[in-house]
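Asks: In this text, residue positions in the sequence shown follow our numbering: the first is 1, and each later residue adds one.
For every residue, glycine included, the Cβ atom is placed at its ideal position computed from N, Cα and C.
Predicted model only: the values in this text are computed from it and were never measured.
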Amino acid sequence: AAYYTSPIQAPAAGLAALFAVEYATARLWQRWGVQPAALLGHSMGEYTAACLAGVMDLETALGLVAVRGKLFESLPADGAMLSVPLSEEELKPWLGPEHCISVINRHDSLVVSSTAEGIDQLHNKLDAAGIECTRLHIAVAAHSPQVEPILEAFGKYLASAKLKAPALPVVSNVTGTWLTDEQAISVDYWLSHLRNTVRFHDGLSTLFRFSEEKPLTLLETGPGQTLSGFARLHPQRKGQAVLASIRHPREQTADRSFILKSLAQLWVQGFDINWQQFYAHKNWRRLPLPTYPFEKQRHFLPPAMVETLQTIALRTITTLPPTPEDSRPTMSQPTKTRKDVLTDEVRNILYELSGMDPESMDPSAAFLELGFDSLFLSQAVIRFNKRFNSQLSFRALFEEVPTIAALAAHLDETLPAGVFEPEVTPSLESGQPQQYQQFQQSQQPGTVTPLAPLEGGARQLQKPGQLQQSQQSQQSQQYVEDSPLATLIQQQLNLMQQQLDLLRGTTQPPGLNPSQPLSTPLNPSQQSQQSQQFQQPGTVTPLAPLEGGTRQEQPPGQLQQSQQFQQSQQSAGDSPLATLIQQQLNLMQQQLDLLRG
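(1) In three-state terms, what does DSSP make of Gly130?
(2) If you follow the beta strand (DSSP E) that Ala80 is part of, which residue opens it and which one closes it?
(3) May I have the straight-line CA-CA distance separating Leu601 from Thr60, to the nearest angstrom?
(4) Spell out a yes or no on whether the stretch 150 to 167 and the stretch 64 to 77 are touching, meaning 3 or more CB-CB pairs, one atom from each, closer than 8 Å.
(5) To the nearest angstrom, report how far apart Leu15 and Pro76 are at their CA atoms.
(6) Let me know if Gln491 comes out buried or exposed under the rule of 16 or more other beta-carbons within 10 Å of its beta-carbon.
(7) Between His143 and Ser83, which are expected to be in contact by the criterion C-beta below 8 Å, what is the C-beta distance as a whole number of angstroms?
(8) Can you tell me whether Thr403 is helix, strand or coil according to DSSP?
(9) For Val268, count the other beta carbons within 10 Å of its own beta carbon; 16 or more makes it buried, fewer makes it exposed. Which is it?
(10) Among Ala244, Asn283 and Pro169, whose alpha-carbon lies nearest the alpha-carbon of Thr180?
(11) Assuming Ala244 is part of the alpha helix (DSSP H), what are its boundary residues?
(12) For Thr25, I'd like the list of residues in its chain whose CB is within less than 6 Å of its CB, leaving aside the five on either flank, ordered along the chain.
(13) For a quick check, are the C-beta atoms of Ala165 and Ser114 less than 8 Å apart?
(14) Report buried or exposed for Leu503, applying the criterion of at least 16 other Cβ atoms within 10 angstroms of its Cβ.
(15) Which residue from Leu91, Gly33, Ala396 and Thr177 puts its Cα closest to that of Gly270?
(16) Have a look at Arg286 and Ala280 and give me their C-alpha separation to the nearest angstrom.
(17) Which residue wins for smallest C-alpha separation from Asp373, given the options Ser364, Pro402 and Pro7?
(18) Strictly by DSSP, which residues pair up with Leu219?
(19) Checking 8 Å against the spacing of the C-beta atoms, do Leu353 and Arg383 come in under that value?
(20) Excluding the 5 residues preceding and the 5 following Ser366 in the sequence, name in chain order all residues of the same chain whose CB lies nearer than 8 Å to its CB.
(21) Can you have a look at Ser393 and say buried or exposed, based on whether 16 or more other CB atoms are within 10 angstroms of its CB?
(22) Can you tell me which residues form a DSSP beta bridge with Ala366?
(23) DSSP three-state label for Leu40, please.
(24) Taking Glu117 as the reference, give the member of Ser109, Leu136 and Asp78 with the closest Cα.
(25) Buried or exposed: where does Asn494 fall if 16 or more other Cβ atoms within 10 Å of its Cβ makes it buried?
(26) Can you tell me whether Trp32 is helix, strand or coil according to DSSP?
(27) For the structure I just gave you, are there three or more beta carbon pairs, one from the stretch 37 to 53 and one from the stretch 216 to 236, closer than 8 Å?
(28) In or out: Tyr23 buried (at least 16 other Cβ within 10 Å) or exposed?
(29) Nearest-angstrom Cα distance between Ala231 and Leu377?
(30) Apply the 10 Å Cβ neighbour rule to His201 and answer buried if 16 or more other Cβ atoms are within range, or exposed otherwise.
(31) Under three-state DSSP, which class holds Val140?
(32) Less than 6 Å between C-beta atoms, sequence neighbours within five positions excluded: which residues of the same chain meet that for Trp190?
(33) Do Ile489 and Leu592 have their CB atoms nearer than 8 Å?
(34) Taking only three categories from DSSP, how would you classify Val599?
(35) Between Glu352 and the ligand NAD, is the CB less than 7 Å from at least one heavy atom?
(36) Which of the three DSSP states, helix, strand or coil, is assigned to Leu522?
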């Protein structure tokens, strides 16, 4: 007992306090309406699980804990335990006959027990190989041959205990599967539980398989978040919620706020919380409320504004101002900041140590919330300092930089310039042809650049917004002309041009031969019928020209038809519809020309 610096660290007092906190917290959750569907303990925590499941009553459980603690203190204080971040297969070649795997917390996080000398030798070998290990502050090599001298005395006490079959499913630390009725009442089982390896990782696997049949939420009822951290990092976890009841000692959060947050998360997930029991200790008082109704205020959009929004006319097409040369992107710029690079580096280190998907690591979540316990963080801080050549302390990960984002920001401020700088890559706009940049700008409302016709029917952009020829113009033009967008715009242009020509009477409708004049006279009834047809929209009939540029002399019926056609043509050419179509044609032609360079 002289090894321990405070009484609470001694096994007799420490194990009793641990059991009391676990049992009381579990009963508190049950009082609030959160009932367990299955139970899993860790080492001595299986005593708490067995008590909650009805295997033993509270008095028997307290007796087992007290006897175990006293027997541990009777052992020589020359034992030690070492946490190693390796799998069972990877660790075995490093072990000697004096070593024993005592705990399997995760598939890649084990605890080795041995004498203090044996642990020192193993620690030195692993450290020389670059494997960061953490020595536990305990003088007893639990779950190893070191505890065999106390098994006989512990068995005598167990023989006098009243044990029953579990009323709730309990997962065994010894087998990693469900505790059977025979095991629960067997003295030999509880002796092997004290001596053999704690297969907590296998126990979590059993729970996660069980949750596939019945959705479960894992709730840790002991102090800290070590066990919930193991559960969050378990490879068989498929989105199951994992919560803790008590904060980590170094976490700067009020105890009440922490457990109430977990209660709120359980309520959000659909748990039926017993609010009457939750507020049972409150002394409520009735307070008088105002007897008058609350004043009502309307906040609807005024009708005048609605009418204005619904009747907005087409905006005038204006000229796009020239783009200043100095405002155009001419340099490649980084796509990430140094803080982003450092965030990725921190995530990668945590991935290397835990196997957790970096994308699932919330930068704003505390390391403990992500499932990284104190043992893991003690290894992580060593890796951080090596990677970033920093002087981070273990305490800083809890108090100063408790999240990935905070750690990245701290490193960004403290690291010298020129290290972990982001790669410089061309930005999207700086790598585009200048024609396409101006085409994007032309899509803004009210900033379309009009086109000026040239000789031969070609078009050019009016100055001062005239486009300059780019070195990539030929490649860009060839690509754009073959694109589906350019083809679609060209088809729309052709169709709208035909509609406009038909409306203005400059093109014959499909099916008429322009080389054949209208030579058949029309009787009065036919004249009246054709006159009515001219009044219908979309039925304009053009006159057919003759060779030499002259027109054939027409009978009276045809003359009347020609006069009506000229009036219809003049009306169609000046109509708002024709103007609108012309504006649409101009706009689409600009877009197509800009797209083609």
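Replies: So, from the data block:
(1) Along the sequence shown, read from residue 1 onward, the residue named residue 130 stands at position 130. Collapsing the DSSP output to three states places Gly130 in coil.
(2) For the purposes of this step, residue 80 is identified with residue 80 of the sequence shown, where counting begins at 1. Looking at the DSSP string, the run of the beta strand (DSSP E) that includes Ala80 is Gly79 to Val84.
(3) This structure cannot settle anything about residue 601, because the visible part of the chain is limited to 1 through 597.
(4) Per the Cβ contact rule, the stretch 150 to 167 is in contact with the stretch 64 to 77 (3 or more Cβ pairs under 8 Å).
(5) Here residue 15 is taken as the residue at index 15 of the sequence shown, counted from 1. Here residue 76 is taken as the residue at index 76 of the sequence shown, counted from 1. For Leu15 and Pro76, the distance between alpha carbons rounds to 18 Å.
(6) Position 491 of the sequence shown, counted from the first residue, corresponds to residue 491. Looking at its Cβ environment, which holds fewer than 16 other Cβ atoms inside 10 Å, Gln491 is exposed.
(7) Locating residue 143 in the sequence shown gives position 143, where the first residue counts as 1. Locating residue 83 in the sequence shown gives position 83, where the first residue counts as 1. Contact flag wrong, Cβ pair sits at about 13 Å.
(8) As a working note, residue 403 is residue 403 in the sequence shown. Three-state DSSP puts Thr403 in a strand.
(9) Here residue 268 corresponds to residue number 268 of the sequence shown, with the count starting at 1. Counting the other Cβ atoms within 10 Å of the Cβ of Val268 gives fewer than 16, which makes it exposed.
(10) By one-based count along the sequence shown, residue 180 stands at place 180. Of the candidates Ala244, Asn283 and Pro169, the residue whose Cα lies closest to the Cα of Thr180 is Pro169.
(11) In the sequence shown, the residue the question calls residue 244 occupies position 244. Secondary structure note for Ala244: it is in no alpha helix (DSSP H), and the uninterrupted beta strand (DSSP E) holding it is Val242 to Ala244.
(12) As a first step, residue 25 must be located in the sequence shown, where it is residue number 25. Once the five neighbours on either side are set aside, the close Cβ partners of Thr25 are Thr221 and Ser245.
(13) As a first step, residue 165 is located in the sequence shown; it is residue number 165 there, counting from the start. As a first step, residue 114 is located in the sequence shown; it is residue number 114 there, counting from the start. For Ala165 and Ser114, no; Cβs fall outside 8 Å.
(14) Counted from its first residue, the sequence shown places residue 503 at position 503. Of the residues assessed, Leu503 falls on the buried side of the cut-off, its CB having 16 or more other CB atoms within 10 angstroms.
(15) Here residue 270 refers to the residue found at position 270 when the sequence shown is read from its first residue. Among Leu91, Gly33, Ala396 and Thr177, the Cα nearest to that of Gly270 is on Gly33.
(16) Counting from 1 along the sequence shown, the entry for residue 286 is found at position 286. Counting from 1 along the sequence shown, the entry for residue 280 is found at position 280. Rounded to the nearest angstrom, the two C-alpha atoms are 16 Å apart.
(17) Residue mapping note: residue 373 aligns to position 373 of the sequence shown, counting from 1. Of Ser364, Pro402 and Pro7, the residue nearest in Cα terms is Pro402.
(18) As a position in the sequence shown, residue 219 is number 219, starting the count at 1. Within the DSSP secondary-structure output, Leu219 pairs in a beta bridge with Leu243.
(19) Working through the sequence shown from its first residue, we reach residue 353 at position 353. Working through the sequence shown from its first residue, we reach residue 383 at position 383. Taking 8 Å as the Cβ cut-off, Leu353 and Arg383 qualify as a contacting pair.
(20) Within the sequence shown, the letter at position 366 stands for residue 366. Per the sequence shown, residue 366 should be read as Ala rather than Ser. Cβ neighbours of Ala366 within its own chain (closer than 8 Å, five residues either side excluded): Glu251, Pro402 and Thr403.
(21) Counting from one through the sequence shown, the residue named residue 393 turns up at place 393. In this structure Ser393 is exposed. Its beta-carbon is surrounded by fewer than 16 other beta-carbon atoms within 10 angstroms.
(22) The residue given as residue 366 occupies position 366 in the sequence shown. DSSP output for Ala366 lists Thr403 as bridge partner(s).
(23) The residue labelled residue 40 in the question sits at position 40 within the sequence shown. Three-state result, Leu40: strand.
(24) In the sequence shown, counting from the first residue as 1, residue 117 sits at position 117. Across the set Ser109, Leu136 and Asp78, the C-alpha of Asp78 shows the shortest separation from the C-alpha of Glu117.
(25) Position 494 of the sequence shown, counted from the start, is the residue given in the question as residue 494. Counting the other Cβ atoms within 10 Å of the Cβ of Asn494 gives fewer than 16, which makes it exposed.
(26) Position 32 of the sequence shown, counted from the start, is the residue given in the question as residue 32. Looking at Trp32 - three-state DSSP - the assignment turns out to be coil, as it is neither helix nor strand.
(27) Counting C-beta pairs closer than 8 Å gives three or more between the stretch 37 to 53 and the stretch 216 to 236, which meets the contact rule.
(28) On the sequence shown, position 23 is the one that residue 23 refers to. Around the beta carbon of Tyr23, a 10 Å sphere encloses 16 or more other beta carbons of the protein chains shown; the residue is thus reported as buried.
(29) Residue numbering aside, residue 231 sits at position 231 when the sequence shown is read from its first letter. Residue numbering aside, residue 377 sits at position 377 when the sequence shown is read from its first letter. Rounded to whole angstroms, Ala231 to Leu377 spans 16 Å at the Cα level.
(30) In the sequence shown, residue 201 corresponds to position 201, counting from 1. Label assigned to His201: buried.
(31) Residue numbering aside, residue 140 sits at position 140 when the sequence shown is read from its first letter. For Val140, the three-state secondary structure derived from DSSP is coil.
(32) Looking up residue 190 in the sequence shown gives position 190. Cβ contact annotation for Trp190 (same chain, cutoff 6 Å, sequence separation greater than five): Leu158, in chain order.
(33) As a working mapping, residue 489 is identified with position 489 in the sequence shown. As a working mapping, residue 592 is identified with position 592 in the sequence shown. Yes. Within cutoff.
(34) Nothing can be reported for residue 599, as the shown portion of the chain is limited to 1 through 597.
(35) The ligand NAD is absent from the structure shown, which contains no ligands of any kind.
(36) Position 522 of the sequence shown, counting from 1, holds the residue named residue 522. Unreliable placement is indicated for Leu522, whose pLDDT of 47 sits below 50; no coordinate value is reported for it.
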